[in-house]
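Asks: Sequences listed follow chains F and W, in order. Here the numbering used here is used: the first residue of the first sequence is 1, the next is one more, and so on. Here the numbering used here is used: the first residue of the second sequence is 1001, the next is one more, and so on.
There are 2 protein chains.
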Amino acid sequence: MFNQEIYAARRQQLKAAVKQGLILLLANEESSMNYKDNLYHFRQDSSFLYFIGIDRPSLAAVIDIDKDREIVFGNELTMDDIIWTGPRETIREQAAKSGIHTVQPLSDLDTLLQQARAAGQTIHFLPPYRADNAQKLSDWLDIPYAALKSRASVPLIKAIVAQRSIKSDLEVAEIEKAVGITVDMQLEAIRSAREGMTETEIAGRVQGVAVSAGGNLSFPIILTVNGQILHNHYQQTVLQSGQMVLCDCGAETDMHYAGDLTRTFPVDGAFTPLQKTVYEIVAAAQQRAIDALRPGILFRDVHLLACEQLAEGLRDIGLMKGDVKEAVAQGAHALFFQCGLGHMMGLDVHDMEDLGEAYVGYTEDLQKSTAFGLKSLRLGRALEPGFVLTVEPGLYFIPELIDEWQAAGKFTDFINYDKVQAFKNFGGIRIEEDFLITENGSRLLGKPLYKTAAGIEALR
Amino acid sequence: MFNQEIYAARRQQLKAAVKQGLILLLANEESSMNYKDNLYHFRQDSSFLYFIGIDRPSLAAVIDIDKDREIVFGNELTMDDIIWTGPRETIREQAAKSGIHTVQPLSDLDTLLQQARAAGQTIHFLPPYRADNAQKLSDWLDIPYAALKSRASVPLIKAIVAQRSIKSDLEVAEIEKAVGITVDMQLEAIRSAREGMTETEIAGRVQGVAVSAGGNLSFPIILTVNGQILHNHYQQTVLQSGQMVLCDCGAETDMHYAGDLTRTFPVDGAFTPLQKTVYEIVAAAQQRAIDALRPGILFRDVHLLACEQLAEGLRDIGLMKGDVKEAVAQGAHALFFQCGLGHMMGLDVHDMEDLGEAYVGYTEDLQKSTAFGLKSLRLGRALEPGFVLTVEPGLYFIPELIDEWQAAGKFTDFINYDKVQAFKNFGGIRIEEDFLITENGSRLLGKPLYKTAAGIEALR
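1. Please tell me whether GLU1353 (chain W) and TYR35 (chain F) are closer than 7 Å, where the distance is taken between their beta carbons.
2. Out of W:LEU1141, W:MET1185, W:GLN1135, W:LEU1126, state which residue places its alpha-carbon closest to the alpha-carbon of LEU1156 (chain W).
3. Which whole-angstrom value is the C-beta distance of PRO960 (chain W) and LEU1383 (chain W), which I expect to be below 8 Å?
4. Since MET541 (chain F) meets chain W, which of its residues come closer than 9 Å, beta carbon to beta carbon?
5. In the structure shown, what three-state DSSP assignment does PRO273 (chain F) receive?
6. DSSP three-state label for TYR396 (chain F), please.
7. Please name the residue in F:MET344, F:SER369, F:ILE221, F:GLU357 whose C-alpha comes closest to that of LEU246 (chain F).
8. Could one say the Cβ of GLY313 (chain F) lies closer than 7 Å to chain W's Cβ atoms, at least one of them?
9. Rounded C-beta distance between ASN1226 (chain W) and GLY394 (chain F)? I'm assuming under 8 Å.
10. Would you mind sorting VAL302 (chain F) into buried or exposed? The rule is 16 or more other CB atoms within 10 Å of its CB.
11. So, at 6 Å on beta carbons, what are the nonlocal neighbours of ARG1010 (chain W) in its own chain, with the 5 sequence-adjacent residues on each side left out?
12. Quick check: the Cα distance between ALA61 (chain F) and GLY1455 (chain W), rounded to an integer number of angstroms?
13. Whole-angstrom Cβ separation of MET185 (chain F) and ALA258 (chain F), contact assumed at under 8 Å?
14. For the region 149-164 of chain F and the region 418-434 of chain F, state whether three or more C-beta atom pairs, one from each stretch, are separated by less than 8 Å.
15. Is the CB-CB distance between SER376 (chain F) and CYS339 (chain F) below 7 Å?
16. Would MET345 (chain F) and ASP260 (chain F) be called neighbours here (beta carbons separated by less than 7 Å)?
17. Starting from CYS339 (chain F), trace the beta strand (DSSP E) both ways and give me its first and last residue.
18. To which residues of the same chain is ASN1216 (chain W) closer than 7 Å at the C-beta, ignoring the five residues directly before and after it?
19. Near ASN1028 (chain W), which residues of its chain fall below 8 Å by C-beta distance, leaving aside the five closest residues on each side in sequence?
20. Under 8 Å Cβ to Cβ from GLY356 (chain F), same chain only, skipping five residues before and after it: list those, please.
21. What does HIS1124 (chain W) pair with, by DSSP beta-bridge criteria?
22. How would you write the range of the alpha helix (DSSP H) that SER1138 (chain W) sits in, first residue to last?
23. Counting along the chain, where does the alpha helix (DSSP H) carrying ASP316 (chain F) start and finish?
24. Could you run through the region 339-372 of chain F and flag, in chain order, every residue whose CB is less than 9 Å away from some CB of chain W?
25. In the DSSP assignment, find the beta strand (DSSP E) that holds PHE435 (chain F) and state where it starts and stops.
26. Taking a Cβ distance cut-off of 8 Å, strictly less, list which residues of the region 140-162 of chain F are near chain W, in chain order.
27. List the residues of chain F that MET1033 (chain W) touches, going by C-beta distances under 7 Å, in chain order.
28. Rounded to whole angstroms, what is the Cα-Cα separation between HIS1256 (chain W) and THR78 (chain F)?
29. Just curious, the alpha helix (DSSP H) that ARG1483 (chain W) is in, first and last residue?
30. Three or more beta-carbon pairs under 8 Å between the region 1003-1018 of chain W and the region 101-119 of chain F, yes or no?
31. Under the three-state reduction of DSSP, which class applies to MET1185 (chain W): helix, strand or coil?
32. For TYR1050 (chain W), which residues in chain F fall below 7 Å Cβ to Cβ?
33. Indicate whether at least one CB of chain W lies closer than 7 Å to the CB of ARG378 (chain F).
34. In terms of DSSP beta bridges, what is GLU252 (chain F) paired with?
35. ILE1063 (chain W) CB to nearest chain F CB: under 7 Å?
36. Mind checking ASN38 (chain F): buried by the 16 CB within 10 Å criterion, or exposed?
This is how it looks when you write it as structure tokens:
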């Protein structure tokens, strides 16, 4: 936890922005695997962590702006609990550490909410993303399950996005810690991968590094010789000589800040000449994007710069043709780069994704495109000092997509399908790093890790 | 997956036992961590795996006994899905592998259930343990959320418990694979633990072993120098010289069968004389229990034998006094052994816990005791060939409980509180192995792992 002044100040700023009503923040519940008491590792809700700071399930917090009171609701441990789980800090002690001095049993919350509703108070809540919390909100507020998302508080969402988007120095330090652990995860993958191992053998070691460091994974590891599959979680494939491994992974610190890095490396320790050529195209696109990072620039435009650089590289090796700016404007490059350049990162690896991309990555004036490729860009809006984001261009040769586009005759002015056909078994390459937007530009977060083809080869 | 004849035969046996009506089995959904699309590793429902065999979320299966039809409900991947997750086997292909040849979109299920209800068909379903599936059942069957558990089908539960309790040779082989990986996890813990490391550092490596082997953890790792805390998941403590580490962990294979082993070992590689003395008491109790395992014996009685052996040992070192049988009958030993001797194990580490202990571990004639200690014994009923279970006695010195009992003057005829006080910092010791009940006795599952004090010391 940070110190209590920080949490108190965050809540103060939130109240000032939301202005009136009652803010209801829900902690997450434990999540069951195959029976009720067999649990996944507990992951607290990030906004609850941000404003309340208590990393414990089955709590709720009320920040009542109108009545100027803050209450944490939860049930303290019984003697029976203590025998099984050991003595723990009480909720009262934990709440005090974030500057909240009123703790009531969970059963009191329903009554409080009934009274607030009867008095016509606005009850601000966030869109739920877990069924158990949705069920609770539906019961307490008498809102049909299916209507919860649309009835979530837009003023609360906007206020929280505004606050959490700007990372404090302490938060940046915690993110750098997460990135540092992620670097160690990448080194474990790069150094241990050998022909004949399964993907999962390596992924297990990588996960072990994250857990050993005192936290966990910030998202499920992508570690695959099929790098063209963007979110591949099938990991039983055996590594073969000549292949590349794409490893996209992140640690989460014990305070739940995330890291997120990708490296693509050769099973044999050395890239083939063709792999190196394509790798350098991705690296050049990443550098072009990094060089453009600064306050005020639209991240959508940074994305498009990277796309143009990718298209240039693909034109140089004969896979694309024609004017690269025009190709990118029309979306032809998206055959090879189907997703976005990056996303916000913080307490969530896709920071605040539960609050809605329309608020986190876009604005009322800049709505997300519906075009293939751009529709997967999570962040488009103008950058501000304090933003933390990923820069992760890639080239992905997806056989099903290549065949579909070729059959449909799409973008034949820009794509040399005959040459592309030869790449259907190439796989995919991604390079990803995490950056803080500074007053003048950007700063790479975490300890450095080689990302040139030669650097990657030197790590083995 | 096993071959399709096995799944078909299992369903045939189930239909014969349930006799009439429509059996509705729900697959699990993906579980969200901190936003909808950031997922815990997927864990399928075990009964769904057992009868349908498809390891994939968002499915349901109907086994309609009255109309003699079997249908899997689920939505096939779209082109958009394939770009992100890669091409996968279709649901139709997967269902065929378990002998089901009718696959319909999920949206058809609601209609089918409405028709079945209108026709007055019995709809058998299992008690839900996840909120999302509870919500679905509540909607489909028009049963209030809170009433779902009591409206679950007892005939279905009893039939499934009868089937899943008896493990086939193929299942035993899969469980042995899980136990084998668990042995490797234990070796990793015992060999890597050193003074100055945190518990979590070791736990991370142990988890890495399980994931690297192609599966996952069968339950959250308990790895702690505070072994007296029965389900301790706080792992930030630094290992100190002279302490013991209790490691209770299990692997789950890629087919989701579980292993579950506990070892308690010294940080320094060698036990102190007092630690060795207490260790040997637990070891003797475990051996007494193992020797008693055979078809027909009540596991409750095996538990009580182990308790008597523990009490004898504690009497020998002066912590208890008086007649050990009488002490155990009255429950005095439960100051040191607060929980049960073991539990069923299979597709779940506490096998079928979601179906209810009253059906899995007890019978109508043998109900669970409500006495402290015995109330935590998950399995009491007569053993049968084919049962797989754990044997895991322990001695736990819980300061809060010792003080509570002493203050209340409990069992002063059997407990020497003055001597017990000196053990308040001793911690806890548990030894756990997994057994198959055979025609004549029992068989230890998985490759062997030292469990004597001398053996544990030799592993370092």
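From the three backbone atoms N, C-alpha and C, an ideal C-beta is built for every residue, glycine too.
Replies: Inspection of the coordinates gives the following:
1. For the purposes of this step, residue 1353 (chain W) is taken as residue 353 along the second sequence, with counting starting at 1. For the purposes of this step, residue 35 (chain F) is taken as residue 35 along the first sequence, with counting starting at 1. Yes, Cβ-Cβ distance for GLU1353 (chain W) and TYR35 (chain F) is below 7 Å.
2. Here residue 1156 (chain W) refers to the residue found at position 156 when the second sequence is read from its first residue. That would be W:LEU1126, whose Cα lies nearest to the Cα of LEU1156 (chain W).
3. Nothing in the structure corresponds to residue 960 (chain W), since chain W is present only between 1001 and 1460.
4. In the structure as shown, chain F starts at 1 and stops at 460, and residue 541 (chain F) therefore has no counterpart that could be examined.
5. For the purposes of this step, residue 273 (chain F) is taken as the residue at position 273 of the first sequence. Helix.
6. The sequence position of residue 396 (chain F) within the first sequence is 396, counting from 1. Here TYR396 (chain F) sits in strand by DSSP.
7. Position 246 of the first sequence, counting from 1, holds the residue named residue 246 (chain F). That would be F:ILE221, whose Cα lies nearest to the Cα of LEU246 (chain F).
8. Taking the first residue of the first sequence as 1, we reach residue 313 (chain F) at position 313. Output row for GLY313 (chain F): interface = no.
9. Taking the second sequence and counting its residues from 1, one reaches residue 1226 (chain W) at position 226. Taking the first sequence and counting its residues from 1, one reaches residue 394 (chain F) at position 394. Their Cβ separation, rounded to whole angstroms, is 46 Å, which puts ASN1226 (chain W) and GLY394 (chain F) out of contact at 8 Å.
10. In the first sequence, counting from the first residue as 1, residue 302 (chain F) sits at position 302. Residue environment analysis places VAL302 (chain F) among the buried positions, since at least 16 neighbouring C-beta atoms fall within 10 angstroms of its C-beta.
11. Residue numbering aside, residue 1010 (chain W) sits at position 10 when the second sequence is read from its first letter. Around ARG1010 (chain W): PHE1051.
12. Working through the first sequence from its first residue, we reach residue 61 (chain F) at position 61. Working through the second sequence from its first residue, we reach residue 1455 (chain W) at position 455. Answer to the nearest angstrom: the Cα atoms are 51 Å apart.
13. Locating residue 185 (chain F) in the first sequence gives position 185, where the first residue counts as 1. Locating residue 258 (chain F) in the first sequence gives position 258, where the first residue counts as 1. With a Cβ gap of about 12 Å, MET185 (chain F) and ALA258 (chain F) do not count as contacting.
14. Counting Cβ pairs under 8 Å, fewer than three are found: no touch.
15. Along the first sequence, one-based indexing puts residue 376 (chain F) at 376. Along the first sequence, one-based indexing puts residue 339 (chain F) at 339. Yes, the Cβ-Cβ distance between SER376 (chain F) and CYS339 (chain F) is below 7 Å.
16. Sequence index remark: in the first sequence, residue 345 (chain F) carries index 345 (1-based). Sequence index remark: in the first sequence, residue 260 (chain F) carries index 260 (1-based). Contact flag set, yes.
17. Here residue 339 (chain F) corresponds to residue number 339 of the first sequence, with the count starting at 1. Looking at the DSSP string, CYS339 (chain F) is not in any beta strand (DSSP E), and its letter there is neither H nor E.
18. As a first step, residue 1216 (chain W) must be located in the second sequence, where it is residue number 216. Within its own chain, the residues whose Cβ lies closer than 7 Å to the Cβ of ASN1216 (chain W), once the five positions on either side in sequence are excluded, are HIS1041, ALA1210, GLU1252, listed in chain order.
19. Position 28 of the second sequence holds residue 1028 (chain W). Hits under 8 Å: PHE1042, ARG1043, GLN1044, ASP1045, PHE1048, PRO1057, ARG1130, ASN1133.
20. On the first sequence, residue 356 (chain F) is found 356 positions in, with the first residue counted as 1. Excluding residues within five positions, the ones whose Cβ falls inside 8 Å are PRO127, ILE157.
21. As a working note, residue 1124 (chain W) is residue 124 in the second sequence. In DSSP, HIS1124 (chain W) forms a bridge with W:ILE1023.
22. Against the second sequence, residue 1138 (chain W) aligns to sequence position 138. That run of the alpha helix (DSSP H) goes 1131-1141.
23. Reading the first sequence from its first residue, position 316 is the one you call residue 316 (chain F). In the DSSP annotation of this structure, the continuous segment of the alpha helix (DSSP H) that includes ASP316 (chain F) starts and ends at 299-316.
24. CYS339, LEU347, ASP348, VAL349, HIS350, MET352, GLU353, ASP354, LEU355
25. The residue labelled residue 435 (chain F) in the question sits at position 435 within the first sequence. Its beta strand (DSSP E) spans residues 433-437.
26. TYR145
27. Position 33 of the second sequence holds residue 1033 (chain W). Within chain F, the residues near MET1033 (chain W) are ARG43.
28. Counting from one through the second sequence, the residue named residue 1256 (chain W) turns up at place 256. Counting from one through the first sequence, the residue named residue 78 (chain F) turns up at place 78. Straight-line Cα distance between these residues: approximately 34 Å.
29. Residue numbering for chain W in the displayed model covers 1001 to 1460; residue 1483 (chain W) lies beyond these limits and cannot be assessed.
30. no
31. Translated into the one-based positions of the second sequence, residue 1185 (chain W) becomes position 185. Reduced to three states, the DSSP call for MET1185 (chain W) is helix.
32. Here the question's residue 1050 (chain W) lines up with position 50 in the second sequence. Neighbours of TYR1050 (chain W) across chain F, judged by C-beta separation under 7 Å, do not exist; the nearest C-beta is about 11 Å away.
33. Taking the first sequence and counting its residues from 1, one reaches residue 378 (chain F) at position 378. So, not an interface residue.
34. Indexing the first sequence from 1 puts residue 252 (chain F) at position 252. GLU252 (chain F) is bridged to F:ASN216, F:ALA258.
35. As a first step, residue 1063 (chain W) must be located in the second sequence, where it is residue number 63. It does not: the Cβ of ILE1063 (chain W) has no partner Cβ on chain F nearer than 7 Å.
36. Taking the first sequence and counting its residues from 1, one reaches residue 38 (chain F) at position 38. Counting Cβ neighbours within 10 Å, ASN38 (chain F) comes out buried, since at least 16 surround it.
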